[in-house]
Amino acid sequence: MQIRTLILAITAATALVATSLAVMPSASAADSSSGGTDAVSKKQERANNRALSHSVRQSLTHVKGLDSSHINVLAHGGSITLKGTVPDSGQIDSAAGATRKVAGVSSVDNRLTVGEAGN
């Protein structure tokens, strides 16, 4: 249990740092017109999006009474899109609320729907 808590804390800290780095303008990127700088920033942005998606998924798994097994999390910058199905409408709001609490999340596009039992 301690390892899981440690991993969650490290993931959250990584997402926070990654989001902070993505928000800060880089003087070298603004001054340089080489394609290599753009490739690095796009690579870093993808890594930041993956880390934030992971943090949100981890957060959703810890919400009591929420079945997150059919929820897909997409991150773009600080914007999170939740897609998929949940068993009842109360879980839609629970998922959105838990997502908003994750460090680095600036907005949530909640596209969750209530799925039929057994699907």
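If you read the sequence shown in our numbering, its first letter stands for residue 1315, the second for the next number, and so on.
Glycine included, every Cβ here is placed at the ideal spot set by N, Cα and C.
At which residue ranges does the segment 1362–1419 contain complete beta strand (DSSP E) runs of 3 or more residues, listed in the order of the chain?
1385–1390, 1393–1400
Reference D1423; option with closest CA among D1407, D1381, A1417:
D1407
Comparing C-alpha positions only, which one of G1429, R1364, I1324 sits nearest to H1255?
Lying before the first or after the last residue shown, residue 1255 is absent from the chain, which here runs from 1315 to 1433.
Here's the rule I'm using: 16 or more other beta-carbon atoms within 10 Å means buried, otherwise exposed. How should G1418 be labelled?
buried
What's the C-alpha gap between K1378 and R1371?
14 Å
Should T1375 be labelled buried (16 or more other beta-carbon atoms within 10 Å of its own) or exposed?
exposed
Given a threshold of 16 other Cβ atoms within 10 Å of its Cβ, counted over all protein chains shown, does V1416 qualify as buried or as exposed?
buried
Take S1403 and list the residues in its own chain whose beta-carbon comes closer than 8 Å to its own, dropping the five residues that flank it on each side.
V1428
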